[in-house]
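K.L.:
Numbering (my numbering), first residue to last: 615 to 944.
Yeah, the Cβ is synthetic: ideal placement off N, Cα and C, and Gly gets one too.
Quick one: the structure is below, questions incoming.
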């Protein structure tokens with residue numbers, strides 16, 4: 615662990631770099647994420663950057679580095695923790711090595727709908743998230759917003775209707791413990807693959823399937839390497855927007871309030887975008903040649919829920935109280 619003064623100096627660089635000749639109190643923030651062009655998360659980051667500049671009258675400018683330009687998920691989280699990257703976003707579980715319980719917000723089958731997911735992950739009002747944020751702040755990171763990307767579904771090179779269809783097959787897992795547990799619940803063999811390497815892994819047969827929101831499947835043209843889409847909706851895909859704590863405290867109260875307001879507004883827009891786009895994306899992917907499997911075609915979502923929930927309960931017993939708090943959110 616680095617001395618806190620060194621960490622502070624590194625964090626300060628994320629704000630003060632390239633400030634020569636700019637107004638007093640100005641800040642330039644480096645915002646990293648792994649999303650590809652066309653994904654809701656990429657639209658979110660671009661619009662948030664514009665909104666923050668406007669809301670702070672140009673005092674805070676945000677430069678966005680999408681598509682893993684500053685490294686994969688682990689490098690991004692480490693960068694934000696150290697302050698070499700000011701802020702970023704990814705699944706809540708990506709912060710699990712700092713505070714393991716934060717992964718609960720990505721647990722499968724826990725949100726009633728997208729609105730519930732946003733309410734349960736609101737840094738200003740969610741008791742569960744506020745408690746975890748206190749622990750994250752002690753590690754140098756703070757969650758300040760969230761993004762809704764839509765439901766996650768399973769794509770594969772063959773029909774998938776029950777967990778038995780995936781038994782013994784290599785299936786892509788996001789390189790995080792929660793996803794490994796979930797894929798075990800699917801009945802498959804979890805095979806961690808970074809998102810930037812996913813199309814190649816699917817094309818070469820390293821994995822025969824994966825799961826993601828429809829926006830990601832379409833924007834990454836996974837239809838070119840996957841033939842089937844099972845509408846399991848096993849996870850409401852909500853991402854955490856997080857910032858280096860010393861960078862955050864280096865901003866004024868007014869700047870922080872403006873940034874929070876912008877991120878809340880963009881979160882609502884992301885939910886609306888995801889909701890409106892799902893039906894269109896299904897038709898789009900059908901048009902690209904994918905076979906879509908629903909409950910009407912024999913997809914047994916209840917079987918997936920039972921198997922996955924049992925696996926998560928076994929692997930993450932500490933989630934129980936937090937799951938109760940999330941369920942209670944209106």
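1. Rounded to whole angstroms, what's the CA-CA distance from residue 636 to residue 795? Just pull it up for me.
2. Using only the alpha-carbon positions, how far apart do residue 579 and residue 912 sit?
3. List the whole-angstrom C-beta distance separating residue 858 from residue 700, where the pair is believed to meet the contact cut-off of C-beta under 8 angstroms.
4. Three-state secondary structure (DSSP) at residue 770?
5. Inspect the CB distances between the segment 822-834 and the segment 782-789 and report whether three or more fall short of 8 angstroms.
6. Helix, strand or coil for residue 877 per DSSP?
7. Taking the beta carbon of residue 933 as the centre, do at least 16 other beta carbons fall within 10 Å, making it buried, or is it exposed?
8. Compare the Cα-Cα distances from residue 940 to each of 737, 652, 770 and report the closest residue.
9. Indicate whether the contact test is met: 3 or more Cβ pairs, each with one atom in the segment 735-755 and one in the segment 704-720, closer than 8 angstroms.
10. Does the structure place the segment 769-778 close enough to the segment 882-893 that three or more beta carbon pairs sit under 8 angstroms?
11. Classify residue 837 as helix, strand or coil using the three-state DSSP reduction.
12. Would you please state the rounded distance, in angstroms, between the beta carbons of residue 640 and residue 673? I believe it to be under 8 angstroms.
13. How would you label residue 863, buried or exposed, when you count the other beta carbons within 10 angstroms and need 16 or more for buried?
14. Pull up the DSSP beta-bridge partners for residue 825, would you.
15. Roughly how many angstroms lie between the CA atoms of residue 925 and residue 916, to the nearest whole one?
16. Given that a residue counts as buried once 16 or more other Cβ atoms are within 10 Å of its Cβ, and exposed if not, what is residue 817?
17. Measuring only the C-alpha atoms, how far is residue 883 from residue 682?
18. Taking 9 angstroms as the threshold (C-beta atoms), are residue 679 and residue 728 in contact?
19. Taking all protein chains shown into account, do 16 or more other C-beta atoms lie within 10 angstroms of the C-beta of residue 840, making it buried, or fewer, making it exposed?
20. For residue 670, count the other beta carbons within 10 Å of its own beta carbon; 16 or more makes it buried, fewer makes it exposed. Which is it?
21. Please classify residue 731: is it buried, with 16 or more other beta-carbons within 10 angstroms of its beta-carbon, or exposed?
22. Buried or exposed: where does residue 931 fall if 16 or more other Cβ atoms within 10 Å of its Cβ makes it buried?
23. Cutting at 6 angstroms between CB atoms, please list the residues of its own chain near residue 842, excluding the five before and the five after it.
24. According to DSSP, is residue 866 part of a helix, a strand, or is it coil?
25. Relative to the alpha-carbon of residue 872, which residue among 687, 668, 907 has its alpha-carbon at the smallest distance?
26. Can you look up residue 691 in the DSSP assignment and give me helix, strand or coil?
27. Please say whether residue 943 and residue 745 have beta carbons closer to each other than 9 angstroms?
28. To the nearest angstrom, how far is it from the Cα of residue 827 to the Cα of residue 760?
29. Would DSSP call residue 714 helix, strand or coil?
30. Taking Cβ to Cβ, would you say residue 653 is nearer than 9 angstroms to residue 849?
31. Going by Cα to Cα distance, which pick from 711, 929, 764, 657 is closest to residue 851?
32. Using DSSP bridges, identify the partner residues of residue 645.
P.N.:
Let's see:
1. Low confidence applies here, because residue 636 scores a pLDDT of 41, under 50, leaving its location unreliable; read the following figure in that light. Cα to Cα, residue 636 sits roughly 48 angstroms from residue 795.
2. Look at the range of the chain in this structure, 615 to 944, and you will see that residue 579 is not part of it.
3. 6 angstroms
4. strand
5. yes
6. helix
7. buried
8. Taking only the C-alpha atoms, the option nearest residue 940 is 737.
9. Contact between the segment 735-755 and the segment 704-720 is present: 3 or more CB-CB pairs across the two stretches fall below 8 angstroms.
10. no
11. helix
12. 5 angstroms
13. exposed
14. 768
15. 14 angstroms
16. exposed
17. 24 angstroms
18. It is not a contact, given that the beta carbons lie outside the stated cut-off.
19. Residue 840 comes out buried.
20. buried
21. Flag for residue 731 reads buried.
22. Residue 931 comes out exposed.
23. 770, 773, 905
24. coil
25. 668
26. helix
27. no
28. 16 angstroms
29. helix
30. no
31. Comparing Cα positions, the closest option is 764.
32. 678, 701
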